[in-house]
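> First the structure, which I've put down as structure tokens, then a few questions once you've had a look.
Residue numbers (the working numbering): 3 to 313.
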């Protein structure tokens, strides 16, 4: 059987351990207009890098001149541990699934670089640029266009068989590859994610980061608005609620990537044990995505969770 270059690349992505792979056009994405509107409404809160790179995110030629195709890949991180709504002990906190194991940027990027190298070995004249969650690209929009799923009402990319607990990465290339078909939206009339959000941060297909617990506990610097403190609940790092309640995650498989399994003391952790981290924060979390919070954010969040514990 003779495979096209597109299929050869996809086969290699699967061999490397990616759970999803699709290819789409690098043309300016129509979602960029909604993205601009979202930014103009102030819904990105203090995430200034989104404002600075707004034009690039929906127009890949501004990132890689001559780009024609975007290879999108997904890597599951769901484990068989209980979900956040099953763990409501006030003596314990919650750390989002994505932060339980090793830093996903490094785990994912190591695989993505191997795929990128493979592509270069197949074509000496190829140009590429790869990203894992850090590049100026509307990655969920392009991933949806490549057939990896649809963007749900919780703004996560959802696959009908794999759910939404997966990381995304992309390779931009000047190769003209075969494009995959996008997928229909299957959220229907369901509003479980919107109804479950403690801070009412969600409206259909739109997230207000100013109210989002994940944003507040990870990206936000300084004090958290007192009006939202109680709703933060036991969340120390991020929030999984809008994904936990999604029916498409009920039967989704678990990851085979062992590095995403919870590190010691990170699954539904005892609050007293976390207090002891203190000055050792940087050393303990140097290989974890939790380092994004910085010590000040970590201590702020612990203080809030402690306060909520006695309410």
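Note that the Cβ used here is the ideal one computed from N, Cα and C, for glycine as well.
Among the residues of its own chain, which have a CB less than 7 Å from the CB of residue 180, if the five just before and after it don't count?
Here the set comprises 6, 8 and 25.
> Return yes when the Cβ of residue 258 is within less than 8 Å of the Cβ of residue 105, no when it is not.
Contact flag unset, no.
> Return the CA-CA distance between residue 174 and residue 137, expressed in angstroms with no decimal places.
Cα-Cα distance, rounded: 11 Å.
> Our contact map puts residue 95 next to residue 222 with C-beta atoms below 8 Å; I'd like the distance itself, whole angstroms only.
At roughly 17 Å, the Cβ-Cβ gap does not stay under 8 Å, so residue 95 and residue 222 are not in contact.
> Could you tell me the alpha carbon to alpha carbon distance between residue 234 and residue 254, rounded to whole angstroms?
Their Cα atoms are separated by approximately 27 Å.
> For residue 279, collect the residues of the same chain with a Cβ closer than 7 Å to its Cβ; drop the 5 residues on either side in sequence, then sort them by chain order.
Hits under 7 Å: 286.
> Where do the ends of the alpha helix (DSSP H) carrying residue 244 lie?
Here the alpha helix (DSSP H) through residue 244 covers 243 to 246.
> Indicate the three-state DSSP secondary structure (helix, strand or coil) for residue 54 in the structure shown.
Correct three-state label for residue 54: helix.
> Output yes or no for whether 8 Å exceeds the beta carbon distance between residue 130 and residue 118.
Cβ distance < 8 Å, so residue 130 and residue 118 count as in contact.
> Would residue 172 be called buried (16 or more neighbouring beta carbons within 10 Å of its own) or exposed?
Its Cβ being crowded by 16 or more others within 10 Å, residue 172 is buried.
> Can you round the beta-carbon distance between residue 238 and residue 307 to whole angstroms, since I take them to be within the 8 Å contact cut?
About 6 Å; that satisfies the 8 Å criterion.
> Assuming residue 166 contacts residue 251 (C-beta within less than 8 Å), just tell me the rounded distance between them.
Going by Cβ atoms, the distance from residue 166 to residue 251 rounds to 6 Å, so yes, they are a contact pair.
> What is the DSSP secondary structure of residue 65, counted as helix, strand or coil?
Residue 65 falls in the coil class under three-state DSSP.
> Can we say the region 77 to 89 touches the region 42 to 51, given the rule of at least three CB pairs closer than 8 Å?
No contact exists between the region 77 to 89 and the region 42 to 51.
> If you pair each beta-carbon of the region 183 to 193 with each one of the region 154 to 166, do three or more pairs fall below 8 Å?
Flag = yes, the region 183 to 193 and the region 154 to 166 touch.
> Per DSSP, which one or two residues make a beta bridge with residue 87?
Per DSSP, none; premise fails for residue 87.
> What does residue 24 pair with, by DSSP beta-bridge criteria?
Note: residue 24 sits in a beta bridge opposite 74.
> What residue range does the alpha helix (DSSP H) around residue 172 cover?
Per DSSP, residue 172 belongs to no alpha helix (DSSP H); it is in the beta strand (DSSP E), 168 to 175.
> Is the distance from the Cβ of residue 262 to the Cβ of residue 102 below 8 Å?
Yes, they are a contact pair.
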